[in-house]
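Working notes for the structure below.
In full-length UniProt numbering, the protein residues as written are 1 to 236.
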């Protein structure tokens, strides 16, 4: 009677190899969505190998399968990270190219235009411009100095902080922004229409933007947590 109960309990235990196969399948779906068919094929192969291992074998084989599934899961996670990074870099490159093309007729670069546009409505200190544009403070400072040297912007006294001067566009800077505005407006309208078509509906662009914001927040949380930072060996 005792032997029967023990066998029944063992039969009800979840097979760790089955869980490994399910994890591989989930990675396959993620890789297919972001990294393309090649990444999905590799992930599916890992999932299939996990399933074959789970079909039979001893407890020792199960341990080897669990280790293999862990390695496969780590590889798929790296592929997923690389696929996201490539997609974002390509997207950023296309936006930068479009901005350069639109700014050039007005005698601006994309970086100059971005900083000038950030102070179009009111003067701002460099640190605030950096936060608003998502660019480093050092980069904004270099652009601000160039704009001031070319007469497109000037620095003004900041009543709230003597050392943090305010950047404001000059008349020449405002004229350059105005010259770029017609092309910018036309491109923005075409972009909105193309995006709605590509994503399959007028509401989808907003949903995609929210997804990108969640991705940025996820990376911020990883950075704050120090994820991936090598730990120092204390020798203990």
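Ideal placement from N, C-alpha and C gives every residue a C-beta, glycine not left out.
Who are residue i's beta bridge partners in DSSP?
i: residue 166; result: 125, 156
Would you mind giving the Cβ-Cβ distance between residue i and residue j, rounded to the nearest angstrom? I have them listed as a contact below 8 Å.
i: residue 103; j: residue 110; result: 5 Å
i: residue 173; j: residue 199; result: So it is not a contact: roughly 35 Å between Cβ atoms.
i: residue 177; j: residue 116; result: 6 Å
i: residue 120; j: residue 127; result: Not really, about 18 Å apart at Cβ, beyond 8 Å.
i: residue 112; j: residue 140; result: The Cβ separation is near 11 Å, so there is no contact.
i: residue 108; j: residue 171; result: With a Cβ gap of about 15 Å, residue 108 and residue 171 do not count as contacting.
i: residue 196; j: residue 205; result: 6 Å
Assign residue i to one of two classes, buried (16 or more other C-beta atoms within 10 Å of its C-beta) or exposed (fewer than that).
i: residue 79; result: buried
i: residue 222; result: exposed
i: residue 76; result: buried
i: residue 97; result: exposed
i: residue 124; result: buried
i: residue 160; result: exposed
i: residue 225; result: exposed
i: residue 227; result: exposed
i: residue 87; result: exposed
i: residue 83; result: buried
i: residue 130; result: buried
i: residue 229; result: exposed
Residue i: which of the options sits nearest, CA to CA?
i: residue 156; options: 169, 150, 226; result: 169
i: residue 192; options: 209, 179, 180; result: 209
i: residue 212; options: 73, 82, 91; result: 91
i: residue 182; options: 220, 216, 203, 105; result: 105
i: residue 134; options: 220, 228, 227; result: 220
i: residue 100; options: 85, 216, 114; result: 114
i: residue 184; options: 162, 95, 74, 207; result: 95
i: residue 216; options: 74, 73, 85; result: 85
Problem - Inter-stretch contact at 8 Å, needing at least 3 Cβ pairs: the segment 180-195 / the segment 141-150 - result: no
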